[in-house]
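Residue 155 in the UniProt record's numbering sits at position 155 of the sequence shown, with consecutive numbering throughout. Idealized CB from N, CA, C, for every residue including glycine. Fair warning: this is a prediction, and the values are worked out from it, not measured in the lab. Structure record follows, encoded as structure tokens.
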Amino acid sequence: MLSYSRSTILSISKRSYRLNSTLAFVESSANSSISPSSLSALTAAVQIGKPITAILTGSKASDTAKELTKIPQIEKILISKSSKYDHNLPEEISPLLVEILQKNKETYTNFVVPASSVSKNFLPRVGALLDLQPISDIIQVVSKDTFVRPTYAGNAWLTVRSKDSQILTSVRSSAFPPIELATESNSSIPIEEVEYVESNAAIEWKSEELITSERPDLGSAKVVVSGGRGLKNKEEFDKVLNPLAEKLNAAIGASRAAVDSGFCDNSLQVGQTGKVVAPDLYIAVGISGAIQHLAGMKDSKVIVAINKDEEAPIFGVSDIGLVGDVFEIVPELTSKLIISDMPYDKSKDTKEQAWVANKYNHSLALSAMTGLIASFPVAKVFASNAVPLLMWREERQQKAAAATKV
């Protein structure tokens, strides 16, 4: 059984509780599970090296709290169950967080949130109300007050040390692995309920339209297929990308140029002003590779670029590049990927055979895709072996990072 206590004030009881702790804001998914980005943020919170208190908001906070008790590094859970927090309005959430942080200045010296659309709305507001400077999009924890974050659209890394008494940070989820959950809940973790804090907000929630999709979530997908302006229009965008994404059980993304041209919804935008992704396999179709787009996907493990322009910047970060007509290459590529539940034996395969990919086995899909593209007959291939190219890209990035530090 999980134990709850109610607090009408937000000053946290110091009963057996140490000073200098980290307060972590945890977001939940539609099914009340912990969001993937929050799991990554909790990993960063652990690396700060202080006891962790998690805070949940919304009418289903109790359900998510049960899952949080499976994380042994969490020492305490705060929940505020007002339905006014259900829609994550920054005008509602900010007063709650500000009051908790203000009344517990000596306790919560660090505040950690995932770098999501939710936190991007409320964290600047919280910082302004507390007269603190948030550090956004951290990709490395150096110490409890020092962090690394990207700058210049990801082309340089900036090491930042905060002198604030309370340090506010947002965590780029692609830079940290999700924290592991135990199989059993820990009933000894205290769960304390805090009251709703009046916001006096001049706005109220009216309605929302939930869009469901069978595709994996773009932010956490293992395989992403993205399209750019080279696909010409919405009809061609869907016609070219959907079959390939279906076979690979991949999420669909897009460049800003494709979104601005109306090819797809802006929720699919990958890049500096969109979502930052780091899948096992990223396939860029008809994307030139503007610096803003590269900032959102260049940490992918394997990058495949297909573009008719040999000088496109996207080839500078890709592991495998194909120069050719996307309207010819992608359909042929898709046709050679055969969905099968049979084990894949590469030793029995030849270049003439169709490559096999199990849509639920991402490592298999990765092997099939890289092998297929390396032997593709109708396009100019930049490299016939993906492994040396992977090593080359890592070496080049290390050299670039070293040059930046100088």
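Closest to residue i by C-alpha separation, out of the options, would be which residue?
i: residue 101; options: 145, 123, 38; result: 123
i: residue 325; options: 277, 310, 94, 167; result: 310
i: residue 83; options: 306, 169, 59, 243; result: 59
i: residue 319; options: 288, 282, 333; result: 282
i: residue 252; options: 284, 148, 289, 224; result: 224
i: residue 329; options: 285, 150, 86, 63; result: 285
i: residue 107; options: 76, 129, 85, 88; result: 76
i: residue 240; options: 191, 65, 334; result: 334
i: residue 64; options: 86, 34, 307, 150; result: 34
i: residue 87; options: 121, 72, 105; result: 121
i: residue 235; options: 72, 327, 150, 48; result: 327
i: residue 407; options: 308, 229, 195, 242; result: As shown, the chain starts at 1 and ends at 406. That puts residue 407 outside it, with no answer to give.
i: residue 287; options: 317, 297, 229, 233; result: 229
i: residue 297; options: 312, 317, 209; result: 317
i: residue 85; options: 248, 57, 104, 313; result: 57
Indicate whether residue i and residue j have their beta-carbon atoms separated by less than 9 Å.
i: residue 127; j: residue 291; result: no
i: residue 222; j: residue 280; result: yes
i: residue 409; j: residue 115; result: Because the chain here runs from 1 to 406, residue 409 falls outside it and cannot be looked at.
i: residue 263; j: residue 119; result: no
i: residue 113; j: residue 160; result: no
i: residue 36; j: residue 299; result: no
i: residue 237; j: residue 231; result: yes
i: residue 81; j: residue 246; result: no
i: residue 302; j: residue 219; result: no
i: residue 135; j: residue 162; result: yes
i: residue 38; j: residue 61; result: no
i: residue 181; j: residue 91; result: no
i: residue 409; j: residue 70; result: In this structure the chain extends from 1 to 406, so residue 409 is not present and cannot be described.
i: residue 202; j: residue 89; result: no
Report all residues from its chain with a CB closer than 6 Å to the CB of residue i; omit the five preceding and five following residues, and keep chain order.
i: residue 50; result: 20, 21, 22
i: residue 266; result: 259
i: residue 31; result: none
i: residue 97; result: 126
i: residue 215; result: 251
i: residue 47; result: 141
i: residue 199; result: 91, 92, 95
i: residue 342; result: Here the model assigns residue 342 a pLDDT of 44, short of 50, so the residue's position is not dependable, and the following value carries that caveat. If we look at residue 342 and ignore the five residues flanking it on each side, it has no Cβ neighbours.
i: residue 158; result: 149, 151
i: residue 312; result: 288, 289
Measure the beta-carbon distance from residue i to residue j and round it to whole angstroms, keeping in mind my assumption that it falls under 8 Å.
i: residue 189; j: residue 79; result: No, residue 189 and residue 79 are not in contact; Cβ-Cβ is about 12 Å, not under 8 Å.
i: residue 144; j: residue 110; result: 7 Å
i: residue 227; j: residue 254; result: 6 Å
i: residue 272; j: residue 295; result: 4 Å
i: residue 45; j: residue 52; result: 5 Å
i: residue 197; j: residue 99; result: 5 Å
i: residue 129; j: residue 94; result: 7 Å
Going along the chain, which residues of its own chain have a beta-carbon closer than 8 Å to the beta-carbon of residue i, five neighbours each way excluded?
i: residue 260; result: none
i: residue 256; result: 269, 271, 273, 274, 290, 292, 293
i: residue 15; result: Note that residue 15 has pLDDT 40, beneath the 50 cutoff, so the model's placement of it is unreliable and the number below is only indicative. Nothing listed; no residue qualifies.
i: residue 208; result: 87
Output needed for residue i: all residues of its chain with C-beta closer than 7 Å, excluding positions within five of it in sequence on either side, in chain order.
i: residue 43; result: 176, 177, 178, 179
i: residue 376; result: Because the pLDDT at residue 376 is just 48, under 50, the model does not fix this residue reliably, and the point stays unresolved.
i: residue 132; result: 164, 166, 168
i: residue 147; result: 135, 138, 140, 141, 160, 169
i: residue 379; result: Note that residue 379 scores a pLDDT of 43, beneath 50, so its modelled location is shaky and nothing firm can be said.
i: residue 72; result: 182, 186
Complete runs of the beta strand (DSSP E) confined to the segment 262–306 [at least 3 residues]: 281–285
Which whole runs of the beta strand (DSSP E) in the segment 154–178 are 3 residues long or more, in chain order? 156–161, 167–171
Kindly provide the ranges of any beta strand (DSSP E) runs that are 3 or more residues long and lie completely inside the segment 15–39, ordered along the chain. 21–25
Quick check for students: name the residue ranges of the alpha helix (DSSP H) that lie wholly in the segment 78–126, counting only runs of 4 or more. 90–103
Fully enclosed by the segment 228–263, which beta strand (DSSP E) runs are 3 residues long or longer? 251–254
Unbroken alpha helix (DSSP H) runs of length 4 or more, entirely within the segment 39–77: which are they? 61–68
Which whole runs of the alpha helix (DSSP H) in the segment 177–230 are 4 residues long or more, in chain order? none
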